[in-house]
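Trainee: Dumping the structure here so I can ask a few things about it.
2 protein chains.
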Amino acid sequence: MGYSIGQVAKKTGLTAHTLRYYQKEGLLPFLQKSSSGLRVFSDNDLGWLGLIECLKETGMPLKDIRQYIDWYLEGDSTLSLRLDMFKNQKNRVEEQIRQFQKHLEKIEYKIALYEEAVKEGSLDKAVANPRMQALKNGLSQTDNAK
Amino acid sequence: MGYSIGQVAKKTGLTAHTLRYYQKEGLLPFLQKSSSGLRVFSDNDLGWLGLIECLKETGMPLKDIRQYIDWYLEGDSTLSLRLDMFKNQKNRVEEQIRQFQKHLEKIEYKIALYEEAVKEGSLDKAVANPRMQALKNGLSQTDNAK
DNA sequence: ATTTAACTTGGAGCTAACTCTAATTTTTTG
DNA sequence: CAAAAAATTAGAGTTAGCTCCAAGTTAAAT
C-alpha cells in the first residue's frame with residue numbers, strides 16, 4: 000500500500016531528486032513519512048503525480064500547478080477558480096494540438112523534399128522539381144502577411 | 000525587400016533581443032547587415048525563422064536546430080542526416096499529439112467533475128456521483144501497473 | 001536641425017526546472 | 001552481523017533560453 004521514493008521514481012520515470020523537489024515546491028501535500036523519516040508514497044500520491052504530469056506536459060508551469068493545489072487545499076470556496084483553470088488549460092491544449100498539426104505538415108513537406116534530394120543527390124535539384132514546388136504551395140503557411 | 004529587426008520582431012512575435020540571440024547562436028547564418036551595421040532581414044531569413052519556430056515549438060532544443068543548420072551549410076554530403084532528423088522529429092511530434100489527446104481527456108474529465116462540483120457546491124458530492132465515477136473509469140489511464 | 005526612436009555591442013542577470021554533493025541514517029541482503 | 005544499497009538533509013550548481021543594461025550610433029519625424 001506504500002511505495003518508496005525509488006519505486007515511485009521507477010514507476011513514473013522521474014528521478015528521486017525530482018520527487019523530493021516536487022514535494023519541496025508544495026506539489027505533494029499529502030505525502031507521508033515513516034517513523035524513521037523515509038517518504039512513503041500512497042496510491043493517492045501517485046494520482047497527484049499523474050495530474051501533475053498531465054498539466055506539466057501540456058505546458059503548465061509548476062507554480063501554476065502549485066496554485067491549483069493550494070486552491071484544492073482551501074476547499075470548496077475555490078471550486079470555480081479550479082474549474083476555470085481546467086477550462087483555460089483545455090483551450091491551451093486544443094490550440095497546441097492545432098499548432099502541432101500545422102508543424103507536422105511542414106515537417107512532412109521537408110521529409111518529402113529531402114527524400115527527393117537524397118535520391119537526386121542534390122537539394123537544389125529537389126527544390127527545382129515541380130512536384131516539390133506544388134507540395135510547398137499546398138502548405139498552410141504561418142500568416143506572415145504585411 | 001529588407002526588414003529591420005523591429006519589423007521582424009513585430010511580424011514574428013519574438014523580441015529584437017531574441018532575434019540577436021538567435022543569430023549569435025548560429026541560427027540565422029544568412030542574415031546581412033547594412034553598410035552602417037544594422038541588420039537587414041530578407042524573406043529568406045524569415046523563412047529560416049519559420050522553420051526555427053516550427054522545430055522549437057515542437058520541442059527541439061536550439062542546439063539541435065543549430066546542428067541542422069550546420070549540416071545545411073555543409074552541403075549535399077549531409078542530406079541523409081537531415082532527412083533522418085526530420086523523420087525523427089515527425090515521430091516525436093506524432094507521439095506528442097497522442098499524449099496531448101490523452102491529457103485532454105483527463106482535463107475534460109476534470110471539467111465535468113468541477114462543473115458538477117460547482118453545481119452541488121461540493122467536490123466530495125461530485126466525486127460520489129455515480130455518473131462521475133463512470134466517466135472516470137472510462138479514462139485511458141497512464142499505465143501505473145505494478 | 002533637433003529631437004526622438006530605433007539600432008548597435010559586450011556582457012551581466014534572470015527564471016524554471018531540475019541535478020548534484022556530501023555527510024549521515026536506514027533498510028535490505030547474503 | 002557485516003556489507004551494500006537506498007534513503008535523508010541543506011544547499012550549491014547547472015542548463016536552456018532568454019532578458020536586460022549601458023553607452024554609444026544611426027535613422028526618422030517634425
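Residue numbers (numbering that gives the first Met the number 0), protein chains in the order written: chain A, 0 to 145; chain B, 0 to 145. Ideal placement from N, C-alpha and C gives every residue a C-beta, glycine not left out.
#1: How about B:G120: is its C-beta nearer than 8 Å to some C-beta of chain A?
#2: Measure the alpha-carbon distance for A:A111 versus A:H102 and round it to whole angstroms.
#3: Looking at the strands, I want to know which residues DSSP matches up with A:Y2.
#4: Residues of the segment 80-92 of chain B in Cβ contact with chain A at a cutoff of 8 Å, in chain order, please.
#5: For A:S3, collect the residues of the same chain with a Cβ closer than 8 Å to its Cβ; drop the 5 residues on either side in sequence, then sort them by chain order.
#6: Does DSSP classify A:Q31 as helix, strand or coil?
#7: So which residues of chain A does B:D75 contact, with C-beta pairs closer than 7 Å?
#8: Who are the neighbours of B:T57 on chain A, taking C-beta pairs under 9 Å?
#9: Along the chain, where does the alpha helix (DSSP H) containing A:S79 start, and where does it finish?
#10: Mind checking B:E94: buried by the 16 CB within 10 Å criterion, or exposed?
#11: Round the Cβ separation of A:L27 and A:I64 to the nearest angstrom and send it over; I've been treating them as touching at under 8 Å.
#12: Tell me which residues share the same chain as A:G5 and place their Cβ nearer than 8 Å to its Cβ, disregarding the 5 neighbours each side in the sequence.
#13: Span of the alpha helix (DSSP H) holding A:N136?
#14: Please classify A:F29 as buried or exposed, where buried requires at least 16 neighbouring CB atoms within 10 angstroms.
#15: Starting from B:E114, find everything on chain A with Cβ-Cβ shorter than 9 Å and list it in chain order.
#16: Using a Cβ cut-off of 8 Å (strictly closer), state whether B:Q95 contacts chain A.
#17: Who are the Cβ neighbours of B:A116 in its own chain at under 6 Å, not counting the five residues just before and after it?
#18: To which residues of the same chain is B:A144 closer than 6 Å at the C-beta, ignoring the five residues directly before and after it?
#19: Alpha carbon to alpha carbon, how far is A:M59 from A:Q88?
#20: Roughly how many angstroms separate the alpha carbons of B:I96 and A:M0, rounded to a whole number?
#21: Of all the CB atoms in chain B, is at least one closer than 8 Å to the CB of A:K109?
#22: When the cut-off is 8 Å and only beta carbons count, does B:L18 lie next to chain A?
#23: Hey, how far is the Cα of A:Q31 from the Cα of B:Q98?
#24: Suppose the cutoff is 7 Å on Cβ atoms and the five residues either side in sequence are ignored; what does the same chain contact list for A:V92 look like?
#25: Expressed to the nearest angstrom, what Euclidean distance is found between the alpha-carbon atoms of B:K23 and B:C53?
#26: Three-state secondary structure (DSSP) at A:T14?
Mentor: Result, derived from the coordinates:
#1: Within the second sequence, the letter at position 121 stands for residue 120 of chain B. Residue contact with chain A for B:G120: present (Cβ-Cβ distance below 8 Å to some residue of chain A).
#2: As a first step, residue 111 of chain A must be located in the first sequence, where it is residue number 112. As a first step, residue 102 of chain A must be located in the first sequence, where it is residue number 103. Within the model, the alpha-carbon separation for A:A111 versus A:H102 is close to 14 Å.
#3: Sequence index remark: in the first sequence, residue 2 of chain A carries index 3 (1-based). In the DSSP output, where bridge partners are listed per residue, A:Y2 has A:F40.
#4: Among the residues of the segment 80-92 of chain B, those with a Cβ less than 8 Å away from any Cβ of chain A are R81, L82, F85, K86, Q88, K89, V92, in the order of the chain.
#5: Within the first sequence, residue 3 of chain A is the residue found at index 4, counting from 1. Cβ within range, chain order: L37, R38, V39, F40.
#6: On the first sequence, residue 31 of chain A is found 32 positions in, with the first residue counted as 1. Of the three classes helix, strand and coil, the one that applies to A:Q31 here is strand, per DSSP.
#7: By one-based count along the second sequence, residue 75 of chain B stands at place 76. Per Cβ cutoff of 7 Å: G120, S121, L122.
#8: As a position in the second sequence, residue 57 of chain B is number 58, starting the count at 1. For B:T57, the neighbours in chain A by C-beta distance under 9 Å run, in chain order, Q98, F99, H102, L103, I106.
#9: Sequence index remark: in the first sequence, residue 79 of chain A carries index 80 (1-based). 78-119 is the extent of the alpha helix (DSSP H) around A:S79.
#10: As a first step, residue 94 of chain B is located in the second sequence; it is residue number 95 there, counting from the start. Counting Cβ neighbours within 10 Å, B:E94 comes out exposed, since fewer than 16 surround it.
#11: In the first sequence, counting from the first residue as 1, residue 27 of chain A sits at position 28. In the first sequence, counting from the first residue as 1, residue 64 of chain A sits at position 65. With a Cβ gap of about 11 Å, A:L27 and A:I64 do not count as contacting.
#12: Here residue 5 of chain A is taken as the residue at index 6 of the first sequence, counted from 1. Counting only Cβ-Cβ distances below 8 Å, and skipping sequence neighbours, we find A15.
#13: Along the first sequence, read from residue 1 onward, the residue named residue 136 of chain A stands at position 137. Annotation: the continuous alpha helix (DSSP H) that includes A:N136 extends over 129-136.
#14: Here residue 29 of chain A refers to the residue found at position 30 when the first sequence is read from its first residue. Flag for A:F29 reads exposed.
#15: Sequence index remark: in the second sequence, residue 114 of chain B carries index 115 (1-based). Per Cβ cutoff of 9 Å: L82.
#16: Residue numbering aside, residue 95 of chain B sits at position 96 when the second sequence is read from its first letter. The Cβ of B:Q95 sits closer than 8 Å to at least one Cβ of chain A.
#17: Residue mapping note: residue 116 of chain B aligns to position 117 of the second sequence, counting from 1. For B:A116, where only same-chain residues beyond five positions count, the Cβ hits under 6 Å are L122, A125.
#18: On the second sequence, residue 144 of chain B is found 145 positions in, with the first residue counted as 1. In this prediction, B:A144 scores a pLDDT of 42, lower than 50, which makes its location untrustworthy; no coordinate-derived value is stated.
#19: Here residue 59 of chain A refers to the residue found at position 60 when the first sequence is read from its first residue. Here residue 88 of chain A refers to the residue found at position 89 when the first sequence is read from its first residue. Taken atom to atom, the span from the alpha-carbon of A:M59 to that of A:Q88 is near 8 Å.
#20: If you number the second sequence from 1, residue 96 of chain B lands on position 97. If you number the first sequence from 1, residue 0 of chain A lands on position 1. Going by the C-alpha atoms only, they are around 34 Å apart.
#21: Sequence index remark: in the first sequence, residue 109 of chain A carries index 110 (1-based). Yes, contact with chain B.
#22: Walking along the second sequence from the start, residue 18 of chain B turns up at place 19. Chain A, which has no Cβ nearer than 8 Å to the Cβ of B:L18, makes this no.
#23: As a working mapping, residue 31 of chain A is identified with position 32 in the first sequence. As a working mapping, residue 98 of chain B is identified with position 99 in the second sequence. Taking the straight line from one Cα to the other gives about 30 Å.
#24: The residue labelled residue 92 of chain A in the question sits at position 93 within the first sequence. For A:V92, where only same-chain residues beyond five positions count, the Cβ hits under 7 Å are T57.
#25: The sequence position of residue 23 of chain B within the second sequence is 24, counting from 1. The sequence position of residue 53 of chain B within the second sequence is 54, counting from 1. Taking the CA atoms as reference points, B:K23 sits about 19 Å from B:C53.
#26: For the purposes of this step, residue 14 of chain A is identified with residue 15 of the first sequence, where counting begins at 1. Judged by DSSP in its simplified three-state form, A:T14 adopts coil rather than helix or strand.
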